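What follows is the structure, encoded as structure tokens:
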């Protein structure tokens with residue numbers, strides 16, 4: 048019996064959907080300023096900021112498109128990587144702004160979430176041969192390591208100010224989840240296994256919390272990594288810190304745990 052994921056009809060659907068999505072977002076990075084916000088019909092909403100995390104995701108996606116041989120993908124990835132190296136990069140203090148307002152004013156908060164996506168973009172861009180990606184990857188890994196990694200906890204802090212003077216006391220799993228994804232990609236791109244091992248360290252911690260919590264992952268913590276299960280109970284649909292356990296994150300972690308095992312075969316948690 049043919050496994051359904053291997054059926055020609057399913058493979059055709061995947062191929063068609065990939066091309067459709069790449070076509071939909073193709074106009075989102077018209078310049079080296081970064082990725083625009085798209086409305087439901089694919090048109091640019093010029094009133095929205097240019098976000099680092101969206102620009103990085105677009106760089107990642109279109110670098111994959113280039114690897115798949117989809118025409119036009121490389122130029123989109125080139126522009127997105129260029130934006131991460133220039134307009135969205137903080138030349139004075141290092142790292143990346145959260146966003147740029149339409150008139151160009153930066154949101155100067157520095158988040159592990161956004162920085163993890165820069166690592167992911169630069170990793171995929173390096174594998175795809177996108178201009179400037181290797182240098183961007185070196186920079187992004189150095190910043191993520193020096194500014195967010197907390198060796199005592201084996202996890203990343205969440206957010207700091209522009210000058211790296213003060214860290215927000217909030218700690219969260221969301222940024223660390225995307226850091227696992229990014230560090231696995233960085234290990235693949237550089238051949239440096241310690242990035243895979245760091246991803247595994249984070250994954251082990253989160254899997255332990257989930258195991259002790261009926262396989263629902265605690266998302267929010269204080270600076271000492273004490274769970275804060277009631278955080279944002281009055282804001283259940285907060286886009287980055289939603290109340291309670293996030294079902295979609297459980298699915299993402301399931302995939303990431305498989306990737307950790309594949310990257311480090313034979314490793315015992």
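In the numbering used here, the protein residues as written are 48 to 316. C-beta atoms are modelled at their ideal positions from N, C-alpha and C, and glycine is treated no differently. Just so we're clear, the structure is a prediction, and the values are computed from it rather than from any experiment.
DSSP state of residue i mapped onto helix, strand, coil
i	result
residue 234	helix
residue 120	helix
residue 154	strand
residue 299	helix
residue 211	coil
residue 287	coil
residue 144	coil
residue 191	helix
residue 277	coil
residue 255	helix
residue 74	helix
residue 262	coil
residue 114	helix
residue 218	strand
residue 196	strand
Residue environment, residue i, which counts as buried when at least 16 other CB atoms sit within 10 Å
i	result
residue 59	exposed
residue 223	buried
residue 50	exposed
residue 309	exposed
residue 112	buried
residue 202	buried
residue 54	exposed
residue 242	buried
residue 190	buried
residue 67	exposed
residue 277	exposed
residue 231	buried
residue 62	exposed
residue 307	buried
residue 188	buried
residue 186	buried
residue 204	buried
Residues near residue i by beta carbon distance below 6 Å, same chain, minus five either side
i	result
residue 200	272
residue 288	279
residue 76	82, 105, 123, 126 and 127
residue 110	124, 171, 172, 175 and 177
Beta-carbon proximity list for residue i, same chain, < 8 Å, skipping 5 on both sides
i	result
residue 115	65
residue 155	137, 144, 145, 208 and 209
residue 79	126, 129, 130, 133 and 134
Among the options, nearest to residue i - alpha-carbon criterion
i	options	result
residue 227	167, 93, 118 and 264	167
residue 151	105, 81 and 123	81
residue 254	302, 238, 69 and 269	302
residue 269	215, 244 and 299	215
residue 153	163, 139 and 299	139
residue 296	283, 220 and 282	220
residue 132	118, 119 and 162	162
residue 69	245, 240, 313 and 118	118
residue 274	281, 280, 265 and 282	265
residue 95	105, 89 and 84	84
residue 107	213, 288, 156 and 184	184
residue 262	120, 291 and 169	291
residue 311	246, 299, 298 and 283	246
residue 211	157, 192 and 217	157
Contact set for residue i: own chain, Cβ-Cβ below 7 Å, skip 5 residues either direction
i	result
residue 137	143, 144 and 209
residue 225	160, 163 and 164
residue 248	201
residue 285	279
residue 57	51
residue 141	190
residue 293	266
query = Touching or not, the stretch 136-146 and the stretch 98-114, by the rule of three or more beta carbon pairs under 8 Å?
reply = The stretch 136-146, when compared against the stretch 98-114, does touch it at the 8 Å Cβ threshold.
Do the stretch 117-133 and the stretch 176-186 make contact, defined as three or more Cβ pairs closer than 8 Å?
Contact check between the stretch 117-133 and the stretch 176-186: three or more CB pairs, one atom from each, fall below 8 Å, which counts as touching.
| query | Is the stretch 185-199 touching the stretch 258-269, taking contact as three or more C-beta pairs under 8 Å? | reply | They do not touch, by the three-pair rule.
**Request:** Evaluate contact between the stretch 290-307 and the stretch 239-255, counting only Cβ atoms and requiring at least three cross-stretch pairs below 8 Å.
**Result:** When Cβ pairs closer than 8 Å are counted between the two stretches, the stretch 290-307 is seen to touch the stretch 239-255, the count reaching three or more.
Check your understanding: Taking contact to mean at least 3 C-beta pairs separated by less than 8 Å, is the stretch 230-237 in contact with the stretch 154-173?
Key -> Contact between the stretch 230-237 and the stretch 154-173 is present, because at least three Cβ pairs lie under 8 Å.
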